[in-house]
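Numbering (the numbering used here), first residue to last: 2 to 325. The block underneath contains the structure these notes are about, expressed in structure tokens.
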């Protein structure tokens with residue numbers, strides 16, 4: 002059995018919730034999930050589909066993945082309802098490997114494993130990925146974690162992912178990540194977040210080509226909040242010593258910060274997004290090395306969207322930044 006799938010896999014904090022609302026409105030029976038308009042607590046149309054896309058594919062050990070059983074499940078749930086004129090449409094940031102559920106349970110699955118399983122199950126497999134200026138992505142991702150209860154300072158968070166956590170950092174090396182995606186899917190569509198926000202011609206054309214989805218302006222969803230609001234929430238998180246769902250003794254947390262960043266963060270910096278010059282320069286270097294190749298890969302002038310390494314000068318970059 003051959004089942005065609007159009008998959009939007011994020012990245013998170015790249016207008017995913019807004020796109021999911023549009024997919025739900027225009028996708029009809031083809032759209033399986035995930036949806037922000039949940040029924041019976043489900044993000045997918047059926048509990049079995051939610052378990053497949055949110056547990057089996059990203060997290061299960063290969064020995065426990067029964068592909069024949071999955072084919073039978075899909076045959077019943079996807080083709081048995083009269084909506085077999087696919088391709089079917091799924092949208093889930095979890096499948097990028099860096100969804101927020103991954104962070105809360107401290108388990109980042111391997112994107113290669115996810116792609117391998119998707120490739121075995123679906124054909125043709127077409128993928129849409131939305132990318133974002135790496136520094137802006139990092140700030141917005143961190144802001145969302147703070148809303149969840151995260152209480153480690155931004156400097157430490159950035160340093161951790163730059164040095165110790167290859168998973169998230171590898172995804173933000175977009176040239177490598179897109180090369181990986183293109184090797185495992187039949188067709189890859191890439192849209193900058195900044196293009197979606199502007200609803201420019203490239204974004205609209207790509208959405209139509211991907212899944213015959215048309216939009217004039219995306220609905221605004223899940224704003225990060227002002228820096229002042231986030232700083233207040235951060236201080237509340239620090240008092241509760243709650244690290245994204247993992248309770249940590251205060252002395253251990255401070256010791257971890259000291260080891261990772263070499264900083265004394267008993268007092269929170271006035272600027273929530275403060276980074277040392279060293280960490281900032283390393284993040285910008287990561288962006289430059291990736292983005293200089295990226296523009297040629299996807300045929301876009303990324304300088305128009307303010308991507309590090311593609312701008313003509315710092316003044317032009319600052320003028321074209323998109324707020325979080």
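Cβ coordinates follow ideal geometry from the N, Cα and C atoms, glycine included.
Close-in-space but distant-in-sequence residues of the same chain around residue 175 (CB under 6 Å, 5 per side omitted): 132, 291 and 295
Could you spell out where the beta strand (DSSP E) holding residue 97 opens and where it closes? Where residue 97 is concerned, there is no enclosing beta strand (DSSP E), given that its DSSP letter is neither H nor E.
So what does DSSP say about residue 188, is it helix, strand or coil? strand
For residue 112, which of helix, strand or coil comes out of DSSP? helix
Distance between residue 171 and residue 125 (C-alpha atoms, nearest Å): 26 Å
Look at residue 14 and residue 142 and say whether their C-beta atoms are less than 8 Å apart. yes
How would you write the range of the beta strand (DSSP E) that residue 295 sits in, first residue to last? Per DSSP, residue 295 belongs to no beta strand (DSSP E); it is in the alpha helix (DSSP H), 278-299.
Taking residue 154 as the reference, give the member of 273, 59, 281 and 304 with the closest Cα. 273
In angstroms with no decimal places, state the Cα-to-Cα distance between residue 196 and residue 50. 31 Å
Residue 7 in three-state terms, based on DSSP: strand
Three-way DSSP call (helix, strand, coil) for residue 120 in this model: helix
Let me confirm a value: residue 68 is counted as buried when at least 16 other C-beta atoms fall within 10 Å, else exposed. Which label applies? exposed
Give me the residue from 237, 116, 216 and 163 with the minimum Cα distance to residue 149. 237
Is residue 74 helix, strand or coil by DSSP? helix
Residue 163 in three-state terms, based on DSSP: helix
DSSP-derived helix/strand/coil call for residue 89: strand
Tell me which residues share the same chain as residue 110 and place their Cβ nearer than 8 Å to its Cβ, disregarding the 5 neighbours each side in the sequence. 59, 60, 98 and 103
Within 10 Å of its beta-carbon, does residue 11 have 16 or more other beta-carbons around it, so buried, or fewer, so exposed? buried
Report the three-state DSSP secondary structure of residue 58 (helix, strand or coil). helix
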